[in-house]
Amino acid sequence: MQGLRRGSTDRTKGEGAPLSGAKEFTAPDFAIRGNDGEPLIGMESHVRLAHADQNDGVRMLRRGYNYTDGSEGLGHLDAGLFFIAFVRDPRTHYVPMQMTMAKEDVLALEYLKHTSSGLFAVPPGVKQGGFLGEGLFT
Ligand code: HEM
1 MQGLRRGSTD
11 RTKGEGAPLS
21 GAKEFTAPDF
31 AIRGNDGEPL
41 IGMESHVRLA
51 HADQNDGVRM
61 LRRGYNYTDG
71 SEGLGHLDAG
81 LFFIAFVRDP
91 RTHYVPMQMT
101 MAKEDVLALE
111 YLKHTSSGLF
121 AVPPGVKQGG
131 FLGEGLFT
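Using our numbering, the first residue of the sequence shown is number 1, and each one after it goes up by one.
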């Protein structure tokens, strides 16, 4: 399948590899530059700004869910993506990254419109003989 080719990499759209090349699960190489001398993975790209290397090693468990909910009343499709992340502490593991995205991330600036959000505390699993939220109360 012929796909996107940039710089000196063999990356194709079908492969799903990072712009720096190789395979789908290859770690992105943020230092590699293309033939034009520019970083193959843009300085304002989502993957660079969201990567753990740029965020004090912060990682989050992410899951996106697409939704469509008919028309929004003005003839447009009411559709979007629920971005769901499970993090240790939103103050260190979510908000700083979101703030960076809001200022610099061209994916967010060009394509995302934030409509709502929610924050939920999720207690750990229950041990034998224990109870939900035990760590909070003992
Ligand atoms: C609707 C909005 C979003 C879209 C369409 C989107 C899309 C993507 C895509 C295509 C990737 C690269 C593929 C992958 O590694 O799985 C990615 C990576 C990532 N995104 Fe998003 N994203 C969105 C919102 C967010 C938000 C709000 C955050 C957090 C504040 C975020 C955090 C991350 C992280 C941490 C990575 C992994 C970076 C890495 O380790 O290389 N994303 N996103």
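Positions of the beta carbon are idealized from the N, C-alpha and C atoms, including for glycine.
Asked, Found
"Tell me which residues share the same chain as glycine 135 and place their Cβ nearer than 6 Å to its Cβ, disregarding the 5 neighbours each side in the sequence.", "none"
"Go through its chain and collect everything with a Cβ distance to isoleucine 84's Cβ below 6 Å, but skip five positions before and after it.", "Arg63"
"Roughly how many angstroms separate the alpha carbons of glycine 37 and leucine 119, rounded to a whole number?", "42 Å"
"Which stretch, first to last residue, makes up the beta strand (DSSP E) that contains threonine 68?", "61–71"
"If you drop the 5 nearest sequence neighbours on each side, which residues of the same chain put their C-beta closer than 8 Å to that of isoleucine 41?", "Pro18, Leu19, Ser20, Pro28, Asp29, Phe30, Ile32, Val47 and Arg48"
"For lysine 23 and valine 126, what's the separation of their Cα atoms in angstroms?", "39 Å"
"Name the two residues that bound the continuous alpha helix (DSSP H) containing phenylalanine 137.", "134–137"
"Please return the same chain residues whose Cβ sits closer than 7 Å to the Cβ of valine 87, not counting the five positions on each side in sequence.", "Met60, His93 and Tyr94"
"Round the Cβ separation of glutamate 110 and glutamate 44 to the nearest angstrom and send it over; I've been treating them as touching at under 8 Å.", "Actually they are not in contact, since the Cβ atoms of glutamate 110 and glutamate 44 sit about 10 Å apart, beyond 8 Å."
"For the alpha helix (DSSP H) holding alanine 102, just list the boundary residues, first then last.", "95–104"
"So alanine 85 is in the beta strand (DSSP E); what residue range does that whole segment cover?", "77–86"
"State yes or no: is the C-beta of valine 106 nearer than 7 Å to some heavy atom of ligand 1?", "no"
"Just the Cα atoms here: how many angstroms apart are glycine 80 and serine 71?", "12 Å"
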